[in-house]
Amino acid sequence: MTEATGAEPQDYDYKALEAKWSAEWDQLQPFATNLAGDDRPRKYVLDMFPYPSGDLHMGHAEQYALGDAVARYWRHQGFNVLHPIGWDSFGLPAENAAIKNGGDPKDWTYENIAQQRASMKRYAASFDWNRVIHTSDPEYYRWNQWLFLQMYERGLAYRKYSDVNWCPNDQTVLANEQVIDGHCERCDAIVVKKKLNQWYFKITDYADRLIDDLNQLEGHWPQKVITMQRNWIGRSLGADVDFVVEGRDEPVTVFTTRPDTLYGATFMVVAPDSDLAAELAEGASDDVRERFAKYLADTRALDSIDRQSSDRPKTGVDLGRFAINPLSGERLPIWAADYVLADYGTGAIMAVPAHDQRDLDFARAFDLPVKVVVDVTQAVTGVIPIIPEDGSMPEFEDLHPAKTGEALSGDGRLTNSGPLDGLSKRSGIQAAIELLDERGTGRAAKNYRLRDWLISRQRYWGTPIPILHGENGKEVPVPLDQLPVRLPEAEGLDLRPKGASPLGGATDWVNTVDPETGEPMLRDTDTMDTFVDSSWYFLRFLSPNNELAAFDEKTASSWAPVDQYVGGVEHAILHLLYARFITKVLYDLGHVDFTEPFSALLNQGMVVMDGKKMSKSKGNVVSLSAELDQYGVDAVRLTMLFASPPEDDVDWADVSVAGSGKFLARAWRISGEVTSPLGVDFGEGDRGLRRETHRFLADVPQLASGFKFNVVIARLMELTNATRKAIDSGAGPADPAVREAAEAIAVVLDMYAPHTAEDMWQRLGHEGSISHVKWPTAARSLLTQDQVTAVVQVNGKVKHRLDVPPTIDEASLEQLAISSPKVQAAIDGREIVKIIVRAPKLVNIAVKG
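Following UniProt numbering, the numbering of the sequence shown begins with 1 at its first residue and continues without gaps.
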């Protein structure tokens, strides 16, 4: 960080500035947004709202400094900016804290919200404090329940028995997206499978749109996030193939991306924990059933990551059953093996061991046939093979996977495949699908990695599911006019996790009646996944106090989607995927007229210490409140954005918060030294300083809109130093150019250090808040240079510098250089051998001797 020379001012008091301007903002309300009565162009800037788990930390400090810089920039560009804040306040941490301390999750939550709110106001983010929402307020979660019922009515919310991800520590189910490498993403416990009757949202109905609409976001979202979403949805094109199983009425359908390799299928594998495996084992011998039961128990102890690891030895149980290959007619033995997952396709695969490494490893472990059906020898050897009529390849026998242990995974021509022989992969896939379709044993299909969103949670602190249950599986939606279904009070309930929701203990709340018939019914005791709360919250900010609707649809049409969303990349799959899904549902229901919630996304990096993530166990946690106390809000905010580009990590050990404070003091002092009056004609000022100012004003919009805030701050420091130089040794404080530069510094500085900027603006004689001052326009006439410096060298050594017009031609520049007395003295009568001219910046004269 560049520092000007000279004594630093003693009267820059950041604590006094913070107290002064926070009080002013409370009175002026400069960031309250009029959504309807303002004809300026609109910008909706949104920060991912926080969970109230304690006071703000360094990660919050970076995110809100970044989001606020964006919001303030667009205000200065003349936009009517909506920049709201709220709290994602349901969830396990509050409940676990209440269990630990014997309190009420609601008390813990709202105490933390009050603490965070005070810290946020201190941090001076330009939020509209009239639009605050808390997702744990009944006035908010009422609309979660409305959304659920809208989806239930259309078959998008449903309940079924299935194997689910179960966290044994938190005693609740988890969506697939909440399981990271086999562990609970919140408490890191190893996740197990458990069969339960649970509520789901049918996100798979939107799988194609969720992938295809990512094209709308190209260039506006980080490519990393787009790729992560595409991979998570995981669309695969191929065929559903029906295998007749001996002794079973219904065929088993298998999805494959390579139906062209069907002639190479030599066995079938089913997931041990699938219903199909249990059924097939039930019809097998006693010995098979016994071995299968033991194997199933062993499988359930593994997570899906371990099961699919290529390093594990392959294990399995022969179920003693056979399927018929629909193209070749061959009998294929059926095995149960843990490398196949129950939730992939139908939980069954056709094994083509010659061309799939996991299938080959299994075949070699159990001495099962390996049949080559894709001739990849050309790719391996560079030799174009001549395939005999019988499909054999004796000259390439050493490449056979059964011998090498390496599956042939490359592309090539089909062989040993009957009518498909000689076809390429692409043609073979199409031909195989046509054959299957013709025989009625298969069809073109798509498969997805994505699974329906499991929203049930067996915990107290969440949105109650608005369904009543009666005898014989009867389900009755709670009427809309009876919403919200409020949580019962926590007092008297045992909130400890025990496999069933604590709400079951609220008997007076659980027991109710059918609103139409009056017959006894029970309330659903599960609560919703808190990602439901955050999937549509950006719309509630548009109508936070609306008692008649979740949001005003006309206002949503005018203001949404969000123009700029700011938050961490850790939400690249969970939150963003769910918000995109719910937006598309609301679009289909006719409530919004757009299909993507966030038009642009900005991810920030982490704040680390000495290259490591901050954690209490490492003893490297930096307290945000301590940093604010020691250096001031503006210095911390400025440091956050000066340290690196937004997407990079900030290592707090490498920054100088004190240096930021010194820079702010220098800028602030300049504002108090300006003596030219308001309204002075800037055109009468020092032209050199004015050029510096206007080049700055011309460059900053592109830099700021591209989030290169660190570069903007560096340029701010340069202009501040240039202005100080003009005051001390040039134009002086009365020069109009000094006022112009000081005002430009204040306006741009408002993005990063609002207390200092506001005070500078006032010291410069202006009234009102600086936050809505229109960005000064750069004058084109000052963006071009009147003169440039041309360097004159003699035998490579600089002998003179000439101030010349930037448009000077080479002949004129050469003549000026030769006629210069200093250059003539350097030549000293010696013969000129060569002159090289690069107008307008260089003349190089070579002489003898």
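Glycine is no exception: its CB is placed at the ideal position from the N, C-alpha and C atoms.
Quick one: give me the first and last residue of the alpha helix (DSSP H) that residue i is part of.
i: Asp759; result: Pro754 to Arg763
i: Ala665; result: Val657 to Glu673
i: Asn721; result: Phe709 to Ser729
i: Val532; result: Phe531 to Ser534
i: Asp298; result: Asp286 to Arg300
i: Tyr123; result: Pro105 to Tyr123
i: Leu56; result: Premise fails: Leu56 is in no alpha helix (DSSP H) and is neither H nor E.
i: Ala820; result: What sits at residue 820 in the sequence shown is Ser, not Ala. That residue, Ser820, is in no alpha helix (DSSP H); it is neither H nor E in DSSP.
i: Asp26; result: Tyr14 to Leu28
i: Gln77; result: Counting along the chain, Gln77 falls outside any alpha helix (DSSP H), and DSSP gives it neither H nor E.
i: His694; result: Arg687 to Ser705
i: Asn101; result: Leu92 to Asn101
i: Arg540; result: Tyr537 to Arg540
Looking only at its chain, what residues have a beta carbon closer than 7 Å to the beta carbon of residue i, apart from the 5 residues adjacent to it on each side?
i: Thr299; result: Pro272, Asp273 and Asp338
i: Lys314; result: Ala337, Tyr339, Asp361, Phe362 and Ala365
i: Asn130; result: Ala32
i: Asn795; result: Ala846 and Val847
i: Val674; result: Pro733, Val738, Arg739, Ala742 and Leu764
i: Thr404; result: none
By Cβ distance, which residues of its chain are closer than 6 Å to residue i, with the 5 residues on each side in sequence left out?
i: Asp524; result: Ile465 and Ile467
i: Glu758; result: Trp21 and Ile770
i: Val376; result: Leu408, Gly410 and Gly412
i: Leu601; result: Trp221 and Tyr565
i: Ala124; result: Val633 and Pro754
i: Gly504; result: Thr525
i: Trp143; result: Ala550
i: Tyr44; result: Leu82, Trp559, Val562 and Asp563
Is DSSP giving residue i helix, strand or coil here?
i: Trp143; result: helix
i: Asn416; result: coil
i: Gln223; result: helix
i: Asp786; result: coil
i: Asp137; result: coil
i: Ala742; result: helix
i: Arg159; result: strand
i: Trp775; result: coil
i: residue 850; result: Limits of the chain in this structure are 1 at one end and 849 at the other, which puts residue 850 out of reach.
i: Leu214; result: helix
i: Gly428; result: helix
i: Leu35; result: coil
i: Gly568; result: strand
i: Trp129; result: coil
i: Ile233; result: helix
i: Arg209; result: helix
i: Asp524; result: coil
Exposed or buried, what is residue i when buried is set at 16 or more other beta-carbons lying within 10 Å of its beta-carbon?
i: Arg439; result: exposed
i: Lys160; result: exposed
i: Gln229; result: buried
i: Gln27; result: exposed
i: Pro677; result: exposed
i: Cys167; result: buried
i: Gly238; result: buried
i: Thr639; result: buried
i: Val833; result: exposed
i: Glu95; result: buried
i: Gln630; result: exposed
i: Arg691; result: buried
i: Ala626; result: exposed
Would the C-beta of residue i count as close to the ligand PLP, meaning under 7 Å from any of its heavy atoms?
i: Tyr140; result: For the ligand PLP, the structure offers nothing, since it holds no ligand at all.
Can you list, in chain order, the residues of its chain whose CB lies under 8 Å from that of residue i, leaving out five sequence neighbours each side?
i: Leu302; result: Asp338
i: Gly499; result: Gln171 and Gln458
Between which two residues does the beta strand (DSSP E) carrying residue i extend?
i: Ser274; result: Here Ser274 belongs to no beta strand (DSSP E), and DSSP marks it neither H nor E.
i: Gly238; result: Ser236 to Val245
i: Thr253; result: Val252 to Thr256
i: Thr172; result: Thr172 to Leu174
i: Arg838; result: Ile832 to Arg838
i: Lys194; result: Val192 to Phe201
Give the list of continuous alpha helix (DSSP H) stretches no shorter than 4 residues that lie fully inside the stretch 308-390. Here the runs fully enclosed are 357-366 and 377-381.
Within the stretch 435-522, note down every full alpha helix (DSSP H) run reaching 4 residues or more, in order along the chain. Segments of the alpha helix (DSSP H) lying fully in the stretch 435-522: 507-510.
Along the chain, which unbroken stretches of the alpha helix (DSSP H) at least 4 residues long are found entirely within the stretch 581-667? As far as the stretch 581-667 is concerned, its whole alpha helix (DSSP H) runs of at least 4 residues are 624-631 and 633-642.
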